[in-house]
Each structure stands twice: as structure tokens, then as C-alpha cells.
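Single-structure report; data block below.
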Amino acid sequence: MKLSHKLALTAVLGGSALISLFLFKTFSHDYFTDRNKLGLNFKAIETAQNQLDNQILNNAFFLYTNQDGINDKINHVHKELDILLRNPHIIQEHPNTYAALQKYRAQFNHKVNAIYDFQTTNIVIKNTTAALLASQQHLFEHDETTPQGQEVLYEINRLAGSILLAKNALDSELITSLRPKIAALEHYRFVNPKNEELTQRMISHFKVIEQYFPQFVKVTEQIKDPALSATLSEAETAFYRESDAELRFVSYFSYLLVTLFIISIGIIAIFLVQSEREARIDPLTRLRNRKAYEEDLKRKGEKAALILININKFKHYNDFYGVKEGDRLLIETAHHIQNIPFAGYNPSYYRLGADDFGILFELFDYNDLHAISKTFLKTFSERPILIDNEPRTPSISISASKFSPLLETADMALKNKTHTNPTVYHQGLNLHQIIADNVTKARELKDALAENRIVPYFQPIISLSTRSVTKHEVLARIIMKDDQARSIYPYLHIAKESNLYPQLTRAIVTQSFAIIAEHEGDFSINVSIDDIGNKETVALLEQLLEQYESIGKRIIFELLESEAIEEYNEIVEFIVKMRRYGCRIAIDDFGSGYSNFSRILNLAIDIIKIDGSLIRNLDTDDKAITIVQTIVNFTKNSSIKTVAEFVHNEAIADIVEKLEIDSAQGFYFYEPARHPVTVGQP
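Using the numbering used here, the first residue of the sequence shown is number 3, and each one after it goes up by one.
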């Protein structure tokens with residue numbers, strides 16, 4: 003099967019699997035969300051019903067209570083019950099639940115009627131009781147001189163207390179038992195006419211309570227009927243029983259889907275393994291390619307050596323004989339190289355460029371490298387290459403190296419103007435100006451660190467909705483001895499090679515935190531995998547976050563997308579540590595090549611900074627607009643904020659705003675400066 007067909011089939015299988023999983027995930031999410039919401043509706047009804055019962059008891063026991071609370075709870079139960087009874091899923095898929103809810107509604111309506119009767123009788127009872135107590139108090143304010151009169155007053159006091167006790171205990175029999183004593187009071191006449199009037203008034207109150215109390219007890223008992231709670235429990239139990247039956251179907255379907263997914267992944271894996279093997283083979287010569295070389299080099303380590311072979315004036319050969327014959331020469335040269343007896347140990351053969359071949363082997367003695375290279379060149383030249391039985395003797399140049407990086411040093415030796423054939427790279431060769439430049443930069447960087455000339459600059463980030471400054475990005479600058487500020491970017495690889503990188507990071511971070519503490523707004527700080535892998539650097543970040551209290555919620559750490567994908571576990575550990583302090587995480591240069599949406603989503607990223615290579619071409623490249631729009635759609639669905647980098651003109655600024663990107667930065671708005679600007683400044 004052709005590679006294109008394999009890729010197409012892989013794409014179809016992978017796409018089908020992902021679509022199926024996405025649809026199932028969406029269905030499962032919606033199902034469980036609705037199920038949980040309905041479950042909460044049941045709990046809300048139960049809670050409101052209990053609160054209603056408590057409110058009624060309060061109204062029954064206490065003289066002064068708020069009647070509005072009862073009506074609120076009744077309305078709340080009706081509201082939650084209507085949500086359940088109108089839910090299409092309940093109506094169509096949960097017949098037992100629906101029937102139980104209908105039963106509950108009927109019982110609850112009966113209870114509501116009883117509550118209204120209760121409110122009527124309760125008001126009478128409460129008002130009469132209050133009037134009774136008021137009359138009792140006035141009665142004792144007037145003197146009664148006769149012993150019999152005083153005894154009657156005490157009897158009235160006992161009757162009032164008994165009525166209150168009967169009311170709170172809902173004891174109708176106690177009320178009935180007081181009837182003879184109340185009747186006896188009607189025949190007694192007080193000496194004080196005021197007491198006589200108050201006594202007759204209290205007797206009237208006693209009779210009102212006696213008249214309404216049986217109805218009061220009846221409706222109260224109806225309200226307390228436990229059958230209503232039992233029906234609600236029955237409905238809830240039926241709901242979860244019927245839901246469990248649905249869940250079994252969901253589970254079976256998920257098993258089937260997972261099985262199909264595993265099968266599709268297995269097929270994809272087979273294709274990928276085959277494609278991976280093909281990806282390491284040069285399709286023309288069938289030698290291993292550059293990618294395979296880099297992997298093999300890592301395995302061989304320090305004992306590896308490389309012989310680099312270049313066909314001289316191959317372009318002229320191509321021009322003279324044609325591309326087809328040129329390809330044949332490359333194929334036969336590859337065969338010829340592999341057939342030469344090789345004195346090195348464990349050789350592997352590669353096509354490293356258009357007309358460049360390499361032999362990677364293990365060498366323990368550097369002094370043997372020149373002899374091996376010379377022998378190989380001599381043997382190659384003595385054996386002509388046959389193409390259509392016609393001998394061809396292509397001229398080749400050879401270089402060799404055992405110094406890392408092997409390919410670069412061998413290539414430098416091959417291109418050396420004083421090249422001898424073969425040339426073996428050694429440290430004494432003055433190959434190019436890059437080395438001198440690197441030394442100069444290393445010295446400049448070291449001096450700048452020693453003299454505190456590595457400083458943070460701040461580039462404002464603009465909210466596109468308000469066109470005002472909301473945050474800043476911290477950028478490192480090296481201040482030259484003539485006070486000129488330069489970007490640190492050309493020095494970064496020097497810093498890493500010369501072990502100055504941790505010192506560089508700590509200098510910027512320490513100064514930045516001190517400045518951030520004195521300014522408002524959020525600040526983003528770039529950290530690399532080298533920083534994250536350095537325990538001292540991470541410890542410094544934690545120390546500063548603790549030293550400057552509450553600053554963490556204003557700090558955003560920017561991670562390179564490529565590193566977030568390749569060094570996933572280390573990145574996750576770092577994110578967990580920083581989130582403890584309230585810090586947020588941004589992915590920098592998103593869209594520059596990896597764009598692994600799923601992997602990024604798993605990191606729970608807060609902000610994505612869209613790569614400048616996409617932003618700077620938005621006004622001329624429709625493809626860039628499509629890519630950026632895809633990124634924006636992804637971030638909005640994932641609640642991730644976006645920042646457009648390298649906005650350098652008004653046209654780009656208008657486009658990123660129309661694409662609904664949240665924020666932007668670039669020279670069109672602000673250049674990096676020594677100090678932050680005021681947040682909110684346009």
C-alpha cells in the first residue's frame with residue numbers, strides 16, 4: 003500500500019475514532035449533567051418541604067411569626083416540581099418516576115389546602131391567645147382583697163397556662179377538660195368591677211379557643227402526614243432505578259466504543275510503525291537518512307566518529323547527464339560506499355544531504371581517524387562505479403570528526419579553505435568567525451552578569467476590547483558598556499553552552515519581582531525547560547512568590563509550546579507547583595509547529611500566545627487567518643484567553659480584533675521599555 007493511502011486510511015480511522023469519542027463524550031456529558039440537575043431538583047423539593055414543615059411548626063408554637071415564609075416555600079416546591087414534570091426525559095423515559103411525581107403533586111396540593119386552613123385557624127388561635135395573655139396581665143394589675151378573689155385569680159392564671167400548654171402539645175383533650183373550670187368562672191363576681199370585666203373577656207377568649215382548637219389540631223395533623231415524604235422518596239427512588247437501567251446501556255455502548263477505538267488505534271499503530279521505519283530511510287538510495295543519523299548518534303554517544311563524503315561538482319554532473327542519471331549516480335555511489343571494507347567499528351551508512359553521505363562508527367582512538375579516512379578515500383577512488391557497464395569515477399571529498407557536534411564540525415572541516423583530502427577536524431583549526439563571535443558574546447554576557455547589566459524590560463499587552471494596557475511581558479535585555487540595550491536572544495545559546503543560563507534567569511526573575519511588586523496589573527515571565535529542570539531556579543521562584551505575598555495571582559509563566567509537548571511530565575509538575583501560589587500558565591509561540599490541542603488542553607492552560615509568524619502575515623496570508631481562527635475557536639471553547647504577538651501595524655491590529663483575540667502586543671502599540679506603564683493607559 004502506498005504511503006499516501008496509508009496516511010489517508012490512518013486519517014479516516016483516526017478521525018472516525020475521535021469523532022465517535024467526541025460524540026459519546028458529548029452525549030455522556032449532557033446525560034450526566036441532566037441527571038445531576040434532576041437529582042438536585044428532587045433534593046430541592048425535599049429541602050423546601052422540610053423548611054415548609056419547620057415554618058408551619060414555628061407558626062403553630064410562636065405567637066409572632068412571618069406568614070410570607072410559608073408561601074415562599076410552597077411556591078418553591080411548585081417550581082421545582084414543575085421542572086421535573088415538564089422535563090421531556092422524565093415524561094418519555096421515566097414512566098414510574100412521572101407517575102410518582104403526579105401522585106406527589108396531588109398529595110402536596112391537598113397539603114397546601116390544609117396549610118391554608120391552618121393559617122386561618124392559627125391566626126384566630128394566636129390572636130385569641132395573645133388577647134388572653136394581655137387580659138391576664140391587666141387582671142393582675144388590679145387588687146383583689148378577698149381571699150376567694152385571689153384564689154380565682156390564681157385559677158385564671160392556671161387556666162391560661164394550661165391553654166398555652168395544650169396549644170403547643172396539640173392536646174384537644176386538655177382543652178376539653180378545662181371546660182368545667184371555665185364555666186365555673188362565669189358564676190364568680192369580683193369586688194373590683196374592672197376585674198369583673200376582664201374576667202368576662204377572658205372567658206370569651208377561652209371559648210373561642212375551645213371552638214377553633216379541634217380544627218386547628220386536625221389541619222396540623224394533616225400537614226404532618228408522612229405519606230407526602232414517602233411519595234417523594236418513592237419518586238426519587240424510581241428515578242434513580244430507571245436511570246441505572248439507562249446507565250447500563252451507556253456502559254455497554256462505551257465498552258463497544260472503546261473496543262472499536264482500540265482496534266482502530268492498533269491499525270493506526272501498525273501504519274505508524276511502518277511509516278516511522280520508512281521515515282528513517284532515504285527513498286532514493288535506501289540508506290538511512292538524517293533523522294536516523296541523529297537518533298543513532300545519541301545512542302553511540304561520545305565514542306562516535308563521523309566520516310563525511312561529498313561528491314565534487316555533482317551539480318555539473320546533473321546538468322551534463324540529466325537528473326535521472328544524477329539519481330543513478332547517487333544510488334550507485336551509495337552501493338559503492340557500503341561495499342568498501344571499512345576499518346572502523348560498527349559502521350552505519352547515511353545520506354545526509356543532496357550529494358553528502360556519512361559513515362557513523364565507533365572509534366576509541368582519535369589518532370586512527372585520519373588513517374581510516376585516508377584508506378577509505380584510496381579504496382573508493384581505485385574502484386570505479388559502473389552505470390550501464392560504463393565506468394564512472396566521481397571525485398569525492400572526505401572530512402572526518404570526533405568532536406561534537408559531529409556533523410557540524412565535519413562539515414566545517416569539509417568547507418575549510420585550506421582543505422586537504424581527507425581533512426580531520428581538530429580544535430586547532432581556525433574554521434570560521436562564528437567561534438570567535440561566540441567567545442566574544444560569552445565574555446560580554448559574563449561581564450554583564452557580573453556588573454548587573456542584565457535587566458528586565460517590560461512590553462505592555464493591550465486589551466483589544468478597550469485598547470488599554472492590562473498586563474506586561476518581561477523581556478531580558480543586556481546593557482552594553484555604551485549604554486545600548488540589546489535583546490538577550492542572540493546570547494541565549496551562548497548562555498546555555500557556557501553554563502550561564504541559570505544565572506541569567508535568576509537575575510531577571512529577582513529584579514522583575516521587585517519591580518512587579520511596585521506596579522499594578524499582571525506580568526508574564528518566560529521560563530524554559532532548562533529553568534524548570536533546574537532545582538535552584540524553581541526554588542528561587544517559590545521563595546520570591548512567598549516573599550512577595552499575594553503577587554502570585556498577578557504572575558503568568560510563559561512556556562514554549564514545543565517544550566510543553568516534548569517535556570510534558572516536567573511541565574505538569576512545574577505547573578502544579580506554581581498554581582499553589584495562584585500563578586497562571588501561558589503557552590508561548592502557539593501554532594509555530596506542534597499545535598497539539600489535546601495535549602495543551604490537558605495542561606489546563608490559562609492563556610495561549612499565538613506565534614508571531616502567524617500574526618505578522620495576517621494582512622497578506624489567508625491561510626494564516628484560517629489557522630489563527632482555528633486557534634481562537636479552540637481557546638474560546640476551552641475558556642482559554644488569547645494574546646496576539648508581534649502586532650506591528652494598524653491593519654494587523656484590526657484583524658486580530660475582528661478575530662476576537664483577547665489581547666495583543668507589539669511595536670504598533672508599545673516597544674519594550676525599562677519600566678512598566680500604568681495599567682489602563684491607552
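Glycine is no exception: its CB is placed at the ideal position from the N, C-alpha and C atoms.
- Smallest Cα separation from Glu499: which of Val441, Asn391, Asn43 and Phe241? Val441
- Whole-number beta carbon distance between Ile633 and Lys611, since they are thought to touch under 8 Å: That pair is no contact at about 10 Å.
- Specify the secondary structure class of Lys686 as computed by DSSP and reduced to three states. It is not possible to answer for residue 686, since the shown part of the chain is limited to 3 through 684.
- For Tyr550, which option in Val511, Ser564, Phe576 and Leu259 has the closest C-alpha, if you only look at C-alpha atoms? Val511
- Item | Helix, strand or coil at Ile663 according to DSSP, with G and I counted as helix | coil
- Proximity winner among Gly554, Lys376, Tyr368 and Asp664, relative to Glu304 (alpha-carbon distances): Tyr368
- Task: For Asp84, count neighbouring Cβ atoms within 10 angstroms of its own Cβ and tell me buried if that reaches 16, exposed if not.
- Result: exposed
- C-beta contact flag for Ile158 and Met204 at 8 Å: yes
- Task: Would you kindly check if the distance between the Cβ of Thr335 and the Cβ of Pro396 is under 8 Å?
- Result: yes
- Message: Do Pro424 and Leu379 count as a contact pair if the criterion is CB distance below 8 Å?
- Response: yes
- From this set, Asp664, Val540 and Pro285, which residue's C-alpha is nearest Ile573's C-alpha? Val540
- DSSP state of Asn38, grouped into three classes? helix
- Kindly indicate which three-state DSSP category Gln692 falls into: helix, strand or coil? Residue 692 is absent from the structure shown; the chain starts at 3 and stops at 684.
- Task: Go through its chain and collect everything with a Cβ distance to Asp329's Cβ below 7 Å, but skip five positions before and after it.
- Result: Leu286
- What beta strand (DSSP E) runs, 3 residues minimum, are completely inside the region 343–405? 347–353, 358–364, 387–389, 392–394 and 398–403
- Message: To the nearest angstrom, how far is the alpha carbon of Ala653 from that of Asp621?
- Response: 7 Å
- Can you check DSSP and say which residues form a bridge with Leu477? Tyr459
- Kindly indicate the opening and closing residues of the alpha helix (DSSP H) around Val339. For the record, residue 339 in the displayed sequence is Ile; it is not Val. Val325 to Asn341 is the span of the alpha helix (DSSP H), which, as asked, contains Ile339.
- Pull up the distance between the alpha-carbon of Asn619 and that of Gln667, whole angstroms please. 15 Å
- Message: With H, G and I counted as helix, E and B as strand and the rest as coil, what does DSSP make of Ala519?
- Response: coil
- Query: Val630 bridges to which residues according to DSSP?
  - Reply: Partner(s): none; Val630 has no beta bridge.
- Message: Quick check on Thr130: does DSSP put it in helix, strand or coil?
- Response: helix
- Query: Within the 8 Å Cβ cut-off, does Asn571 reach chain B?
  - Reply: Judged by its chain identifiers, the structure shown contains no chain B, having just a single protein chain.
- Query: CB-CB under 7 Å to Leu562, same chain, minus the five flanking residues each way: which ones, in chain order?
  - Reply: Ser530, Asp590 and Asp591
- Query: Taking the C-alpha atoms as reference points, what is the distance between Lys625 and Ala646?
  - Reply: 16 Å
- Exposed or buried, Ala162, counting other C-beta atoms within 10 Å across all chains shown (16 or more means buried)? buried
- Task: Could you check if Met482 is buried or exposed, using at least 16 other CB atoms within 10 Å of its CB as the buried criterion?
- Result: exposed
- Can you say whether Tyr491 is buried or exposed, counting buried as having 16 or more other CB atoms within 10 angstroms of its CB? exposed
- Message: I need the straight-line Cα distance from His677 to Gln461, nearest angstrom please.
- Response: 9 Å
- Item | Limits of the alpha helix (DSSP H) - the one that Ala606 falls within | Premise fails: Ala606 is in no alpha helix (DSSP H) and is neither H nor E.
- Please name the residue or residues paired with Phe525 in a DSSP beta bridge. His474 and Ile557
- In chain order, what residues of the same chain lie with their CB nearer than 6 Å to the CB of Lys419, ignoring the 5 residues before and after it? For Lys419, the predicted model reports a pLDDT of 47, less than 50, meaning its position is unreliable; a value from the coordinates is still stated below. Answer for Lys419: no residue qualifies.
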